[in-house]
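Participant: At position 59 of the sequence shown (counting the first as 1) the number is 60 in the numbering used here, and the numbers step up by one without a gap. The following block contains the structure, expressed as structure tokens.
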Amino acid sequence: MSSPDAASSPDVASADRDEPTLKVGEVAERVRLSHRTVRYYDDEGLLTAARSAGNYRLYAERDVERLLLIRVLKPLGYTLEEMRELLHLVASLEDPDHRPTDREREELETFTVDVKRRRDRLAEQLAAADDFYASLEGRLG
């Protein structure tokens, strides 16, 4: 059993985050996706499951974080390839030993501009839906 001091050290916290101990069901419940969807994203290379001795897929906390990001990207209309690129970029930028390249900064800027554009489009759609809803309610009396 580790001491509280060891558990709070950055090295241990990082190791725990990278330790694949979560089964598909646990991950699916935490991110509110189906087992099938989690396995699909794994099969598509958006996650990297380890395998247990019994050949079960095992996921780490970083996979949970990736799935939470995927849950944001999917409704914005990102393709699997675009998600893959962004997940790779985010992983590179979060690596404390990695110094971001000019190309990575440019890619991040491109994604930032694109997310804003998609957000603005969704805001317009939401405003139109609100207007339509109000007109329907008005007809009810």
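Note that the Cβ used here is the ideal one computed from N, Cα and C, for glycine as well.
Quick check on the DSSP output: the beta strand (DSSP E) that includes L48 runs from which residue to which?
Facilitator: If you number the sequence shown from 1, residue 48 lands on position 47. No beta strand (DSSP E) contains L48, which DSSP labels as neither H nor E.
Participant: Can you give the beta carbon distance from L90 to L59, rounded, assuming they're within the 8 Å contact cut?
Facilitator: The sequence position of residue 90 within the sequence shown is 89, counting from 1. The sequence position of residue 59 within the sequence shown is 58, counting from 1. Contact doesn't hold; Cβ gap of about 25 Å is too wide.
Participant: Hey, out of A54, A135, R122, whose CA is closest to P76's CA?
Facilitator: Residue 76 sits at position 75 when you count from the first residue of the sequence shown. P76 has its Cα closest to that of R122, out of A54, A135, R122.
Participant: Check whether the Cβ atoms of V32 and L69 lie closer than 9 Å to each other.
Facilitator: Along the sequence shown, read from residue 1 onward, the residue named residue 32 stands at position 31. Along the sequence shown, read from residue 1 onward, the residue named residue 69 stands at position 68. Yes, the pair counts as a contact, with Cβ atoms nearer than the cut-off.
Participant: Need the endpoints of the alpha helix (DSSP H) that Y134 sits in, please.
Facilitator: Counted from its first residue, the sequence shown places residue 134 at position 133. Taken as a continuous stretch (DSSP letters only), the alpha helix (DSSP H) holding Y134 covers 103 to 141.
Participant: Who are K24's beta bridge partners in DSSP?
Facilitator: Translated into positions along the sequence shown, residue 24 becomes position 23. According to DSSP, K24 shares a beta bridge with L59.
Participant: Whole angstroms are fine: how far does the CA of A54 sit from the CA of K117?
Facilitator: Working through the sequence shown from its first residue, we reach residue 117 at position 116. Working through the sequence shown from its first residue, we reach residue 54 at position 53. The straight-line gap from Cα to Cα measures roughly 44 Å.
Participant: According to the neighbour-count rule (16 or more other Cβ atoms, all chains shown, within 10 Å of its Cβ), is A61 buried or exposed?
Facilitator: Residue mapping note: residue 61 aligns to position 60 of the sequence shown, counting from 1. By the Cβ-count criterion, A61 is buried, with 16 or more other Cβ atoms from all chains shown falling within 10 Å of its own Cβ.
Participant: What number of angstroms, rounded off, separates the C-alpha of A128 from the C-alpha of R104?
Facilitator: Counting from one through the sequence shown, the residue named residue 128 turns up at place 127. Counting from one through the sequence shown, the residue named residue 104 turns up at place 103. So the two alpha carbons sit approximately 36 Å from each other.
Participant: How is S93 classed by DSSP in three states: helix, strand or coil?
Facilitator: Your numbering for residue 93 matches position 92 in the sequence shown. Helix, per DSSP.
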